[in-house]
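Peer 1:
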Amino acid sequence: MSIIKILLLIALAGHILCGCCDCLLTYTPSGKKFDVKALADNKKMAEVFGGMPLKNPLLSMMLGCTALFMCSFGYYGIYLWMREYSRVTAVILLISASLFLIFGVAHHILCGVAEWIYIRMGMTEDARNAVVKLFNDTVLTMVACYLGWAVFGIALLTAVITGNTDLPLWACIFNIVPLFIVTYPLHIGGMGNWCGAVMFLGLLLLI
Numbered sequence: 000m001s002i003i004k005i006l007l008l009i010a011l012a013g014h015i016l017c018g019c020c021d022c023l024l025t026y027t028p029s030g031k032k033f034d035v036k037a038l039a040d041n042k043k044m045a046e047v048f049g050g051m052p053l054k055n056p057l058l059s060m061m062l063g064c065t066a067l068f069m070c071s072f073g074y075y076g077i078y079l080w081m082r083e084y085s086r087v088t089a090v091i092l093l094i095s096a097s098l099f100l101i102f103g104v105a106h107h108i109l110c111g112v113a114e115w116i117y118i119r120m121g122m123t124e125d126a127r128n129a130v131v132k133l134f135n136d137t138v139l140t141m142v143a144c145y146l147g148w149a150v151f152g153i154a155l156l157t158a159v160i161t162g163n164t165d166l167p168l169w170a171c172i173f174n175i176v177p178l179f180i181v182t183y184p185l186h187i188g189g190m191g192n193w194c195g196a197v198m199f200l201g202l203l204l205l206i
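Note that numbering that gives the first Met the number 0 gives residue 84 to position 85 of the sequence shown, counting from 1, and the numbers run on in steps of one.
In structure tokens form, the structure reads like this:
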């Protein structure tokens, strides 16, 4: 197995682990699912997080950071692979992936911290206000994370569609952007990471 395939395999495992960490934040042991819309109504938030143990956000933060570190190997592997076809595209992939991963770690930690604070403060209105303020004050972290994620996917998609790689045209389905667009209506927790796992699985088989 080549070094690039090994890097892609590590990222595949990383995205699966990170997806599980997202689910720790999104779903309670009772099966209830958190929706961002609930941030506007403390009664709904309290109903969702009523059965959520404090260990879940803590575990999600710790394992999530490890998972994103694992993912970085695969994104670097794609950069190494793309460098053989287009150095400009490869640099774009490297910069956008770095943006996604660096701010992704911060965003993941902030989400875990916000959930921990809300539960620890007793799920009161004051707790909800504190969480909302935290998200508002750090919104640029989330924007930078998803911007890098989107630019990476679009750059890779463009390279495949324009024939700048040796991948077949249909390989463009193994890309986080089209995968996310198709699966977004399902509203499954950690969907971005499940899309990332599918992308790396597809590239692992094709490269």
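Positions of the beta carbon are idealized from the N, C-alpha and C atoms, including for glycine.
Of the residues Ser71, Ala154, Phe48 and Asn55, which one's Cα is nearest the Cα of Gly121?
Peer 2: In the sequence shown, residue 121 corresponds to position 122, counting from 1. That would be Phe48, whose Cα lies nearest to the Cα of Gly121.
Peer 1: Could you pull out every residue in the same chain whose Cβ sits closer than 6 angstroms to the Cβ of Gly201, ignoring the five residues on either side in sequence?
Peer 2: Counting from one through the sequence shown, the residue named residue 201 turns up at place 202. These residues qualify, in order along the chain: Phe173.
Peer 1: Given a cut-off of 8 angstroms on the beta-carbon distance, is the pair Leu100 and Leu67 in contact?
Peer 2: Along the sequence shown, one-based indexing puts residue 100 at 101. Along the sequence shown, one-based indexing puts residue 67 at 68. Going by C-beta atoms, Leu100 is nearer than 8 angstroms to Leu67.
Peer 1: What runs of the alpha helix (DSSP H), each 4 residues or longer, lie entirely inside the segment 118–202?
Peer 2: As far as the segment 118–202 is concerned, its whole alpha helix (DSSP H) runs of at least 4 residues are 124–136, 138–160 and 175–182.
Peer 1: Just to confirm, are Val176 and Leu156 a CB contact at a threshold of 8 angstroms?
Peer 2: Counting from one through the sequence shown, the residue named residue 176 turns up at place 177. Counting from one through the sequence shown, the residue named residue 156 turns up at place 157. Yes, the pair counts as a contact, with Cβ atoms nearer than the cut-off.
Peer 1: Just the Cα atoms here: how many angstroms apart are Leu7 and Lys32?
Peer 2: Walking along the sequence shown from the start, residue 7 turns up at place 8. Walking along the sequence shown from the start, residue 32 turns up at place 33. Looking at the two C-alpha atoms, the distance is approximately 31 angstroms.
Peer 1: Might you give, ordered along the chain, the residues of its own chain that have their beta carbon closer than 6 angstroms to the beta carbon of Cys194, omitting 5 neighbours on each side?
Peer 2: Indexing the sequence shown from 1 puts residue 194 at position 195. Same-chain partners within the cutoff: Ile175, Leu178 and Phe179.
Peer 1: From the DSSP output, read off the bridge partner residues of Tyr74.
Peer 2: Along the sequence shown, read from residue 1 onward, the residue named residue 74 stands at position 75. Paired residue(s): none; Tyr74 is not in a bridge.
Peer 1: Just to confirm, is the Cβ distance from Leu11 to Ala170 under 8 angstroms?
Peer 2: Position 12 of the sequence shown, counted from the first residue, corresponds to residue 11. Position 171 of the sequence shown, counted from the first residue, corresponds to residue 170. It is not a contact, given that the beta carbons lie outside the stated cut-off.
Peer 1: Tell me which residue opens and which closes the alpha helix (DSSP H) that Ala37 is part of.
Peer 2: To locate residue 37, count along the sequence shown from 1; it is residue 38. Per DSSP, Ala37 belongs to no alpha helix (DSSP H) and is neither H nor E.
Peer 1: Strictly by DSSP, which residues pair up with Lys32?
Peer 2: Taking the sequence shown and counting its residues from 1, one reaches residue 32 at position 33. Note: Lys32 sits in a beta bridge opposite Tyr26.
Peer 1: In whole angstroms, what is the alpha-carbon distance linking Ala105 and Cys22?
Peer 2: For the purposes of this step, residue 105 is taken as residue 106 along the sequence shown, with counting starting at 1. For the purposes of this step, residue 22 is taken as residue 23 along the sequence shown, with counting starting at 1. Those two C-alpha atoms are separated by around 17 angstroms.
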